[in-house]
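Be aware that the first sequence starts at 22, since it is given in this note's numbering, and climbs by one per residue. We treat Cβ as the ideally placed atom computed from N, Cα and C, and that holds for glycine.
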Amino acid sequence: MLLINRALRLLDRHYGDLKWWPGDTPFEIMAGAILTQNTAWSNVEKAIRSLKAARLLSLPAMRRAGPASIARCIRPSGYYNQKALKLKALVGFLDREYGGSISRMRAGRTGLLREQLLTVRGVGPETADSMLCYALDKPVFVVDAYTRRIFGRLGVLRGDEDYEEVRGLFESAIKSYIIGDGGGQRDGLQKLLNQYHACIVMAGKDFCRKRSPACASCPLRRLKRCRW
DNA sequence: GCCCAGGTGGGTA
DNA sequence: TACCCACATGGG
Numbered sequence: 022m023l024l025i026n027r028a029l030r031l032l033d034r035h036y037g038d039l040k041w042w043p044g045d046t047p048f049e050i051m052a053g054a055i056l057t058q059n060t061a062w063s064n065v066e067k068a069i070r071s072l073k074a075a076r077l078l079s080l081p082a083m084r085r086a087g088p089a090s091i092a093r094c095i096r097p098s099g100y101y102n103q104k105a106l107k108l109k110a111l112v113g114f115l116d117r118e119y120g121g122s123i124s125r126m127r128a129g130r131t132g133l134l135r136e137q138l139l140t141v142r143g144v145g146p147e148t149a150d151s152m153l154c155y156a157l158d159k160p161v162f163v164v165d166a167y168t169r170r171i172f173g174r175l176g177v178l179r180g181d182e183d184y185e186e187v188r189g190l191f192e193s194a195i196k197s198y199i200i201g202d203g204g205g206q207r208d209g210l211q212k213l214l215n216q217y218h219a220c221i222v223m224a225g226k227d228f229c230r231k232r233s234p235a236c237a238s239c240p241l242r243r244l245k246r247c248r249w
C-alpha cells in the first residue's frame, strides 16, 4: 500500500501533469482504447491518422461505414478484422443505449456503465476502464501490462492476481491518500487515478520494457525493492 | 528471423 | 478454474 503510493508519487513528480489520454474527442479515445489492445501505440497512431484521413473517426461516420472499410484504415494496428468488428460493436452499443451520445452516457453511474461496457463484444476490463477513466472522466484505475510489470518488479504484485484484485488494490491505495472534502475529493480522485495510470504507461515505455530497460535514469531506481 | 507491444474471446480438460 | 489458441502489424 505504502510502496504503491511512494512509487506513484515518484512517477508523478518525474512526469508532471500528463493530461491523458492522447485523443481529440471522447469517441476517439474510446476507439483508441480498442485499437491499442495488445499493440504498440505507434501502430495505433497510424491507424488513427488513416481513419481521420478517411473521415471515419466519428460515431456517425463509423455507424455508416462497413467493417471492411474500417479494417482497411486500421490495418497498421494489427488484428484489423477483429478490431473493425469491435469498433462497430461499440458504435452499436452507444446507439442502442445512449442514442449515439457519449455525453448522455457520461451522466450514468460508474458501476452501471462498467457492467454495460463489459457486455460489448471486444471490450474487456482494461478497455472498459480506459474508456471510463479517459473518455468519460470516471474515477477508475486502469490495470495494464505495464502496471503488472512495474509493480511485479517492485515486489508489490506476485503476478497471479486477477484484474479486479489489482484494480481494487490500487484504487484503495490511492484513495487512502486523498484528503479534502465532498465533490472536490471525488474530482481529485478521478484526476489522480487518471494521472497515475498515465505515469505508469510512460514509465513502462521509458524504463520497463522487456528489453533494454533504461534503469539508470528510472525515477523508481531508489526504491529498495526495485529489481530488474 | 525472432520477440515484443497499453487484450479479448472461444475452446478444451 | 486453468490453460491453450487465434487474431496480425510494425519496430528493435
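Between the Cα of residue i and those of the options, spot the shortest distance and give me the residue it belongs to.
i: residue 292; options: 149, 183, 48 and 143; result: The requested residue 292 is not part of the displayed model; the chain covers only 22 to 249.
i: residue 221; options: 166, 127 and 155; result: 166
i: residue 175; options: 242, 227, 48 and 216; result: 242
i: residue 142; options: 124, 105 and 171; result: 105
i: residue 108; options: 125, 90, 120 and 124; result: 90
i: residue 225; options: 114, 173, 70 and 209; result: 173
Report the rounded CA-to-CA distance for residue i versus residue j, giving the unit in angstroms.
i: residue 118; j: residue 93; result: 28 Å
i: residue 40; j: residue 196; result: 20 Å
i: residue 138; j: residue 32; result: 30 Å
i: residue 29; j: residue 131; result: 24 Å
i: residue 228; j: residue 73; result: 31 Å
i: residue 151; j: residue 58; result: 11 Å
i: residue 192; j: residue 161; result: 7 Å
i: residue 223; j: residue 42; result: 12 Å
i: residue 51; j: residue 235; result: 31 Å
i: residue 140; j: residue 54; result: 16 Å
i: residue 125; j: residue 115; result: 10 Å
i: residue 185; j: residue 213; result: 19 Å
i: residue 144; j: residue 136; result: 11 Å
What would DSSP say about residue i, mapped onto helix, strand or coil?
i: residue 182; result: coil
i: residue 53; result: helix
i: residue 39; result: coil
i: residue 112; result: helix
i: residue 84; result: helix
i: residue 247; result: coil
i: residue 226; result: helix
Closer than 6 Å by C-beta to residue i: which residues in its own chain qualify, once you throw out the five before and the five after it? Chain order, please.
i: residue 98; result: 56, 60, 64, 65 and 68
i: residue 127; result: 157
i: residue 188; result: 162 and 164
If you follow the alpha helix (DSSP H) that residue i is in, where does it begin and where does it stop?
i: residue 94; result: 88-94
i: residue 167; result: 166-174
i: residue 241; result: First-last for residue 241: undefined, no H or E at that position.
i: residue 68; result: 62-74
i: residue 98; result: Here residue 98 belongs to no alpha helix (DSSP H), and DSSP marks it neither H nor E.
i: residue 126; result: 123-127
i: residue 134; result: 131-139
Less than 8 Å between C-beta atoms, sequence neighbours within five positions excluded: which residues of the same chain meet that for residue i?
i: residue 244; result: 24, 27, 28, 31 and 175
Tell me which same chain residues have a C-beta within less than 7 Å of the C-beta of residue i, skipping the five on either side of it?
i: residue 4; result: Summary: the structure shown does not reach residue 4, with the chain confined to residues 22 through 249, and so no result is reported for it.
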